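Numbering (the working numbering), first residue to last: 4 to 212. Single-structure report; data block below.
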């Protein structure tokens, strides 16, 4: 899950920076800073659970003992799961979601919304060692304007999305594509490419030139 972890870290840094610059360190505690569908009491309850689950960490102890339990967004967000991060992003005003999506990936917020849903599902499956082969995913990643690839609900679309989300293009080929190619060669006789919807030129599609 190293690839997903790096994407998650990148997203947390981008979102927390933007939010703190616009709404200050604890702007997340004010219900006015969310869209109309936001349930603020439910959100704050989830934040409390998040803090409670990490109460033994040094950072949480420090803020509880020295700052009266006040957490700036850039500290709190480090303890968000990818699902919680997705929830936080989804409930922001559209203008904020649009700005974050554009600044982070050069896409619209509907695209990033779909990526969050897919990333959450994919991470959960990986964390629980669930089957990815011959699996139909519930969430479908939208493609940015200009992308020729048409995604399906099979595995390759999820991996192509990871390529678009990974923050270091130079590193991507080494840490993901080459190990994947090695794995595909190793299990070549056992893999039906149609079951994971890998195109004939899948490797060149996943690589950054």
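Glycine included, each C-beta is placed from N, C-alpha and C at the ideal position. These numbers come from a predicted model, not from an experiment.
Do residue 45 and residue 75 have their C-beta atoms closer together than 8 Å? no
Using the C-alpha atoms, what's the distance from residue 71 back to residue 119? 32 Å
For the alpha helix (DSSP H) containing residue 138, list its first residue and its last residue. Per DSSP, residue 138 belongs to no alpha helix (DSSP H) and is neither H nor E.
By the 10 Å Cβ neighbour count, where 16 or more other Cβ atoms means buried, how is residue 144 classified, buried or exposed? buried
Taking only runs that begin and end inside the stretch 69 to 154, name each unbroken alpha helix (DSSP H) of 4 or more residues, in chain order. 76 to 79, 85 to 93, 97 to 108, 112 to 130
Output needed for residue 163: all residues of its chain with C-beta closer than 8 Å, excluding positions within five of it in sequence on either side, in chain order. 144, 152, 154, 208, 209
DSSP three-state assignment for residue 203, whether helix, strand or coil: coil
If contact is defined by three or more beta carbon pairs under 8 Å, each pair taking one atom from either stretch, is the stretch 109 to 123 in contact with the stretch 93 to 100? yes
Please return the same chain residues whose Cβ sits closer than 6 Å to the Cβ of residue 158, not counting the five positions on each side in sequence. 135, 199
Determine, using beta carbons only, whether residue 82 and residue 53 come nearer to each other than 8 Å. yes
Whole alpha helix (DSSP H) elements within the stretch 161 to 189, 4-residue minimum: 172 to 175, 181 to 189
Thinking C-alpha only, which one of 32, 146, 20 is nearest residue 166? 146
If I follow the unbroken alpha helix (DSSP H) through residue 49, where does it start and stop? 43 to 56
Same chain, Cβ closer than 7 Å to residue 206, neighbours up to 5 away in sequence not counted: 180, 184
Spatial neighbours of residue 19 within its chain, please: CB distance less than 7 Å, with the 5 preceding and 5 following residues excluded, ordered by chain position. 76, 77, 80
Measuring CB to CB, does residue 34 end up less than 8 Å from residue 41? yes
DSSP three-state assignment for residue 12, whether helix, strand or coil: helix
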